[in-house]
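**Q** In the working numbering, the protein residues as written are 14 to 107.
Where is the CB? At the ideal position from N, CA and C, for every residue including glycine.
The structure displayed is predicted, hence computed values, not measured ones.
Pasting the structure below:
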């Protein structure tokens, strides 16, 4: 599913126009990005957690030359699915 398809689903489920749904989806995604940048974590219970993870410095290898190169430490965004999402994907039956 891409963003356009997501907007269509939100529009039909919420009973709003596609333009309104587009604004809501865009605003939600921007808010998540801003939250992760500012606080390092956005928690949506039942859905999951968006967070910033630290990647330590390491050695890599240039595939063309085989030369060892140093890769700097960096921060990277990450997503950890919540129980509700894990259960929905796994389709667990109780």
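1) Distance check for residue 96 and residue 26, CA to CA, integer angstroms please.
2) Distance check for residue 34 and residue 21, CA to CA, integer angstroms please.
3) Indicate whether the contact test is met: 3 or more Cβ pairs, each with one atom in the region 67 to 80 and one in the region 39 to 55, closer than 8 Å.
4) Could you pull the DSSP bridge partners for residue 54 from this structure?
5) Keeping to the same chain, check which residues put their C-beta closer than 7 Å to that of residue 73; ignore five residues upstream and five downstream.
**A** Concretely, from the data shown:
1) 23 Å
2) 8 Å
3) no
4) 64
5) 82 and 84
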